[in-house]
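Each protein sequence line maps, in turn, to chains A and B. Following this note's numbering, the numbering of the first sequence begins with 16 at its first residue and continues without gaps. Following this note's numbering, the numbering of the second sequence begins with 50 at its first residue and continues without gaps. Heads up, the beta-carbon is just placed ideally off N, CA and C, and yes, glycines get one too. Predicted model only: the values in this text are computed from it and were never measured.
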Amino acid sequence: MSEKGERIICRCNEVTLEEIEALIEQGVTDIEMIKRLLRIGMGPCQGRTCLPMVISIIARKTGKSPDEIKLPATRIPIRPVPAGVLVGDMNEE
Amino acid sequence: MKSKAEVVVIGGGSTGTSIAYHLAKLGADVVLVEKGYLGNGSTFRCATGIRQQFTDEANIKLQKYNVERWKKLSEELEYDVNFKQTGYLFLATTEEEVEAFKQNIKLHNKFGVPTRLITPEEAKEIVPLLNADEFLAGQWNPTDGKANPFKTVFAFARKAKELGAEIYEYTEVTDIIVENNEVKGVKTNRGTINADVVVNAANAWAPIINEMAGLDKEFIPIKPYKHQLVKTEPLKEGQIEPLVCPPAWNDSYVIQDGEDGGVLCGTGLEHGPTYDVTPTYDFLREVLKWATRIIPALKYVHILRQWAGFYAKTPDSNPAIGKINYIDGFYIAAGFSGHGFMMAPGVGEAMAELIVKGKTHVPLDWEWYDPHRFERGELRSTAFQIG
Ligand SMILES: Cc1cc2nc3c(=O)[nH]c(=O)nc-3n(C[C@H](O)[C@H](O)[C@H](O)COP(=O)(O)OP(=O)(O)OC[C@H]3O[C@@H](n4cnc5c(N)ncnc54)[C@H](O)[C@@H]3O)c2cc1C
Numbered sequence: 016m017s018e019k020g021e022r023i024i025c026r027c028n029e030v031t032l033e034e035i036e037a038l039i040e041q042g043v044t045d046i047e048m049i050k051r052l053l054r055i056g057m058g059p060c061q062g063r064t065c066l067p068m069v070i071s072i073i074a075r076k077t078g079k080s081p082d083e084i085k086l087p088a089t090r091i092p093i094r095p096v097p098a099g100v101l102v103g104d105m106n107e108e
Numbered sequence: 050m051k052s053k054a055e056v057v058v059i060g061g062g063s064t065g066t067s068i069a070y071h072l073a074k075l076g077a078d079v080v081l082v083e084k085g086y087l088g089n090g091s092t093f094r095c096a097t098g099i100r101q102q103f104t105d106e107a108n109i110k111l112q113k114y115n116v117e118r119w120k121k122l123s124e125e126l127e128y129d130v131n132f133k134q135t136g137y138l139f140l141a142t143t144e145e146e147v148e149a150f151k152q153n154i155k156l157h158n159k160f161g162v163p164t165r166l167i168t169p170e171e172a173k174e175i176v177p178l179l180n181a182d183e184f185l186a187g188q189w190n191p192t193d194g195k196a197n198p199f200k201t202v203f204a205f206a207r208k209a210k211e212l213g214a215e216i217y218e219y220t221e222v223t224d225i226i227v228e229n230n231e232v233k234g235v236k237t238n239r240g241t242i243n244a245d246v247v248v249n250a251a252n253a254w255a256p257i258i259n260e261m262a263g264l265d266k267e268f269i270p271i272k273p274y275k276h277q278l279v280k281t282e283p284l285k286e287g288q289i290e291p292l293v294c295p296p297a298w299n300d301s302y303v304i305q306d307g308e309d310g311g312v313l314c315g316t317g318l319e320h321g322p323t324y325d326v327t328p329t330y331d332f333l334r335e336v337l338k339w340a341t342r343i344i345p346a347l348k349y350v351h352i353l354r355q356w357a358g359f360y361a362k363t364p365d366s367n368p369a370i371g372k373i374n375y376i377d378g379f380y381i382a383a384g385f386s387g388h389g390f391m392m393a394p395g396v397g398e399a400m401a402e403l404i405v406k407g408k409t410h411v412p413l414d415w416e417w418y419d420p421h422r423f424e425r426g427e428l429r430s431t432a433f434q435i436g
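Here you go:
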């Protein structure tokens, strides 16, 4: 719980349970749109922590089974890499 | 699902949702069908950039108008689409390019776009991390900008629904019904929708839709080319706010995401034609080689994500917008190359007005974008490409 008593679901982008539930209540139930409007799963952790929780929130709020909700695409690189490493220009380090 | 409407719009990207919104606003009974989720085509993969800096009259005029639309869009749609006028900064590496910049600036100024030539020192003031020593001059327009594609599509769709439009996601058009050269509706994987007007806003897939209507696939030769982006972890706001691009460096560009401050890096490397969107390693190396030369400090910044999408390209990189004369009631707005997101508000408005009123007040040069120009072998000057 944060100081304000909000429950953080996405730690990278500080998205709370309340924000996710409010969006679903407004009729946005597709994980792809929820992801993009709230930026869940788009931080450095690539959704590792938040996405399974978001799926269970959607399932609970919409009555869908969690299996029906597909995970959004995983993007490479799986772990953040400094750009200099990828261009082979970090020799001085 | 409705089985009848006045207009069916095919494709739920920035173009299709804008057309649907503007049609609903004019009181038309409109249905939009999208085969995946809204935005899943090119729109959600774009670099967010909005510019007026083209090299021809038609695109400059349309984009000048579009920036006026973007400025008021959040208010109009009652949803913040995060439009910001953070500018576009092109950088010259040779004297010839400086001369070309001067010509561009003259043309922009003629149509009221306040582009100006700036020194490398001024460029560095605008982009503090810039490797300004490598450049001779900048072509700078502070009134260009960026917006959030996710929120834009959502906002258009939301407002369209509020005005009575129906939007069906995960609904794929499988055939177009045409009788006696008149459009009668569309078949989808969820049933048939009868309509006297059908709009092809399927961009990279537009030739497949045209073929369903009985047209030759090459009639409007739009081809999908894979373009990619990488995005870094967030940087402090204001470091690389404008889109920064030295065209001579393989059309490479960097721009800070208007919302989270991560840097989007793109380059001219393309693959295709192909419908494959697998990210490639050659892109990663190419784009970062240039990005770290434009902004050396980027070397120390983490890359978080890489993805690919399509430039739906025509032979002159200008879209096909308008009526298809062979089939009554069949319209197209597709083939937007690297600049369809920025055009969405005005293109949607012009198309809706064309359909409902037969004419539009939007300064969109129908002749320039004429869908029939390709079969006449009549191309426009190539639209300036970058973001
Ligand atoms: C890497 C990259 C960077 C870019 N940067 C910029 C930029 O900075 N600024 C800018 O303005 N533009 C940019 N673009 C271009 C921009 O993304 C596109 O021009 C724009 O998104 C086109 O929007 P659209 O709605 O016409 O097409 P799309 O967003 O592709 O929408 C077409 C839709 O049609 C749907 N569809 C297809 N077939 C069917 C069918 N049979 N039935 C139902 N639906 C169907 C698709 O699923 C898709 O959602 C960039 C593109 C890429 C790839």
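With DSSP as the reference, identify every bridge partner of residue i, one or two as the case may be.
i                      : result
residue 215 of chain B : B:80
residue 235 of chain B : B:225, B:242
residue 359 of chain B : B:275
residue 320 of chain B : B:275
residue 377 of chain B : B:231
residue 386 of chain B : B:361
residue 354 of chain B : B:280
residue 31 of chain A  : A:23
residue 130 of chain B : Residue 130 of chain B is not bridged to any residue.
residue 302 of chain B : B:315
residue 417 of chain B : Per DSSP, none; premise fails for residue 417 of chain B.
Does the beta carbon of residue i sit closer than 9 Å to a beta carbon anywhere in chain A?
i                      : result
residue 338 of chain B : yes
residue 328 of chain B : yes
residue 70 of chain B  : no
residue 80 of chain B  : no
residue 89 of chain B  : yes
residue 348 of chain B : yes
residue 200 of chain B : yes
residue 437 of chain B : Not covered by the structure: residue 437 of chain B. The range shown for chain B is 50 to 436.
residue 86 of chain B  : yes
residue 425 of chain B : no
residue 341 of chain B : yes
residue 318 of chain B : no
residue 212 of chain B : no
Give a yes or no on whether 9 Å exceeds the smallest Cβ distance from residue i to chain B.
i                     : result
residue 47 of chain A : yes
residue 20 of chain A : no
residue 54 of chain A : yes
residue 98 of chain A : yes
residue 32 of chain A : no
residue 26 of chain A : no
Give me the Cα-Cα distance between residue i and residue j, rounded to the nearest whole angstrom.
i                      : j                      : result
residue 394 of chain B : residue 119 of chain B : 7 Å
residue 101 of chain A : residue 312 of chain B : 16 Å
residue 433 of chain B : residue 21 of chain A  : 47 Å
residue 97 of chain B  : residue 315 of chain B : 11 Å
residue 243 of chain B : residue 287 of chain B : 50 Å
residue 397 of chain B : residue 66 of chain B  : 8 Å
residue 247 of chain B : residue 353 of chain B : 40 Å
residue 375 of chain B : residue 230 of chain B : 7 Å
residue 107 of chain A : residue 249 of chain B : Low local confidence applies: a pLDDT of 49 at residue 107 of chain A is under 50, so the model's placement there is unreliable, with the coordinate-based value given in what follows. Each residue's Cα considered, the two are about 54 Å apart.
residue 27 of chain A  : residue 151 of chain B : 44 Å
residue 357 of chain B : residue 327 of chain B : 7 Å
Report the CB separation of residue i from residue j in whole angstroms; it is logged as a contact under 8 Å.
i                      : j                      : result
residue 226 of chain B : residue 236 of chain B : 7 Å
residue 61 of chain A  : residue 24 of chain A  : Not confirmed; about 15 Å, so no contact.
residue 214 of chain B : residue 79 of chain B  : 5 Å
residue 82 of chain B  : residue 69 of chain B  : Wrong, their Cβ atoms sit about 10 Å apart, outside the cutoff.
residue 317 of chain B : residue 63 of chain B  : Residue 317 of chain B to residue 63 of chain B, Cβ: 22 Å. No contact.
residue 400 of chain B : residue 382 of chain B : 5 Å
residue 105 of chain B : residue 430 of chain B : 5 Å
residue 97 of chain A  : residue 176 of chain B : No, residue 97 of chain A and residue 176 of chain B are not in contact; Cβ-Cβ is about 20 Å, not under 8 Å.
Looking at chain B, which residues of the segment 61 to 92 of chain A have a Cβ within less than 7 Å of any of its Cβ atoms? 90, 91, 92
Positions along the segment 379 to 390 of chain B whose CB lies within less than 8 Å of some CB in chain A: none
Under 7 Å, CB to CB, which of the residues in the segment 352 to 363 of chain B have a partner in chain A? 352, 353, 354, 355, 356
Chain B contacts made by the segment 34 to 45 of chain A, where a contact means CB separation under 7 Å: 45
Chain A contacts from the segment 283 to 313 of chain B (Cβ-Cβ distance under 8 Å): 308, 309
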